[in-house]
Each structure stands twice: as C-alpha cells, then as structure tokens.
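Below is one structure, written out as structure tokens, with a few remarks after it.
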Amino acid sequence: DAKTTQPNSMESNEEEPVHLPCNHSTISGTDYIHWYRQLPSQGPEYVIHGLTSNVNNRMASLAIAEDRKSSTLILHRATLRDAAVYYCILRDVVRTDSWGKLQFGAGTQVVVTP
Amino acid sequence: DTAVSQTPKYLVTQMGNDKSIKCEQNLGHDTMYWYKQDSKKFLKIMFSYNNKELIINETVPNRFSPKSPDKAHLNLHINSLELGDSAVYFCASSQLGQNTEAFFGQGTRLTVV
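In order, the protein sequences belong to chains E and S. Residue 112 in the numbering used here sits at position 112 of the first sequence, with consecutive numbering throughout. Take any residue in the second sequence, note its place counting from 1, add 1000, and you have its number in the numbering used here.
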C-alpha cells in the first residue's frame, strides 16, 4: 500500500492560514488523496479529497502537485476549533483488496495559538 | 440525528471478562468498519463488513468476533479480555466502490483492569 509522510506537528496563530504538507511519492494512478482530522476525544472526520485537480470546500483547500507525489492541505483561517491531528491518506476504492479501508499514519498535530 | 453511533462510550472491565460494543449507522451505507486506536494514538483497521459479509480481517486475535445482523449494524464482541485490549474502538461506515467519505462514531474507550 502506498504510504504518506507528514510532519509530526505544526503551529499556527489564530486567523492565520495553515499549510499542511504530505508526501506520497509511491502514489498509484487509482489512489485518491484524502484528508481526515481528529479533534480531541472524537472520531476522525472527513475534510477533503482529490485526485489530480485542486479542490475547495467549506472546510479547506487541497493543492495537489502536478506529479501527484505531494499535496498540501490549506486551512485558510485557523480557529481554535481547528486544533486536531490531520491525516493524509491514500485511498483506492477500486481495488477489491483494499475495500475502501483507510490506512492512517501518525498524522500532523496542529496547534492553534490565540 | 447521529450518523454513526456506538454504545457504550466508556467501558471498564476486568481481565478475563467478555464484553460487546454496538454500532449503528443511519446513512444507508453498505460497508461498516471497526478501527482500534491504541495508547500511542495509531488508528488501525480491524474488520470490515459489506452487506453483512466479512471482507476485511486484519490479523486480529480470534477473541475478537464481529457480527453484522444487518447492513446498519456492526457489533464487536471480545472474549477473555486482556490488558492489551485497552484502547479506543471506532466504528465507521461508507459506501463501497464510491469515493465518498467515511463517517466515524465517537468511539468506545475500553479499559481493562
């Protein structure tokens, strides 16, 4: 299974943007790049996903490199509520041996300072 | 309306006991999962059921037995609990074959003493 590499932690001031990098140099053509986050004492929640093009939603933006070997999750204005562990995950929903499972790594702990 | 709900939220029990955790989803998804998050916070998949059939079983001791009475429910029964089983267990659901999000429950914190 293709793996991802993320920094252990990142700090940001409130209302400033946060750029969370993720390397996935062994990504395959059918892997989508998913981001989930886990707030303290809660289950993981979906943030965003993409394949090749940059994506935006109400929570964040996802910028994907042209060669797809890396991506960056962008939180445009961090709030205290965004303090969480952010996971970058490659998900292949086509291959029957993966069956849509999510392979979590260690993630990036985002600390937001008031 | 909670999309994926687990009960109980907390479970403290003695070594050697048998316990169950229940999970229900009201999203109409055809696939449900159990994940385990250990003390080092690593989240790892344990089982997955698609339309009540077991499709993923990730090297989990056979003391753990999932049961899916219908598509909306996936329960986890654990026999002869050990100290190392202490963890947070998360249930999740998604629609297989579609690149849509997975929804997670709030977790069940199991403490074996």
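By construction, the Cβ of each residue, glycine as well, lies at the ideal position given by its N, Cα and C atoms. Model, not experiment: these values are computed from the prediction.
Whole-number beta carbon distance between residue j and residue i, since they are thought to touch under 8 Å
i	j	result
E:Val110	E:Ala83	6 Å
E:Asn23	E:Thr113	About 26 Å separates the two Cβ atoms, so there is no contact after all.
E:Thr26	E:Cys88	About 13 Å; that fails the 8 Å criterion.
S:Leu1096	S:Asp1030	6 Å
Among the options, nearest to residue i - alpha-carbon criterion
i	options	result
E:Glu66	E:Gly29, E:Pro44, E:Leu75	E:Gly29
S:Ile1078	S:Gly1016, S:Cys1023, S:Ala1003, S:Ser1005	S:Gly1016
S:Leu1083	S:Gly1097, S:Val1113, S:Lys1044	S:Val1113
S:Asn1026	S:Leu1110, S:Thr1108, S:Thr1111, S:Ala1102	S:Ala1102
S:Tyr1033	S:Val1004, S:Ser1086, S:Thr1111	S:Val1004
Proximity test, Cβ basis, 7 Å: residue i and chain E
i	result
S:Asn1099	yes
S:Gly1107	yes
S:Ile1078	no
S:Ile1021	no
S:Leu1043	yes
S:Leu1011	no
S:Leu1096	yes
S:Phe1104	yes
Below-7 Å beta-carbon distance, residue i vs any chain S residue
i	result
E:Gly50	no
E:Pro44	yes
E:Gly100	yes
E:Tyr32	yes
Straight-line gap, residue i to residue j (C-alpha atoms, nearest Å)
i	j	result
S:Phe1104	E:Arg37	11 Å
E:Tyr16	S:Asp1038	First, the amino acid is wrong: residue 16 of chain E is Glu here, not Tyr. C-alpha separation (whole angstroms): 32 Å.
S:Ser1048	E:Ser9	30 Å
E:Asp31	S:Asn1099	10 Å
S:Ile1056	E:Leu20	31 Å
E:His76	S:Lys1009	33 Å
The ligand FAD heavy atom lying under 6 Å from the CB of residue i
i	result
E:Pro44	For the ligand FAD, the structure offers nothing, since it holds no ligand at all.
- [ ] Run through the stretch 43-84 of chain E for me and flag every whole alpha helix (DSSP H) of 4 or more residues, listed as ranges in chain order.
- [x] Taking only runs of at least 4 residues, no alpha helix (DSSP H) segment lies wholly in the stretch 43-84 of chain E.
Suppose only complete runs of 3+ residues qualify. What are the beta strand (DSSP E) ranges in the stretch 89-113 of chain E, listed by chain order? Here the runs fully enclosed are 108-113.
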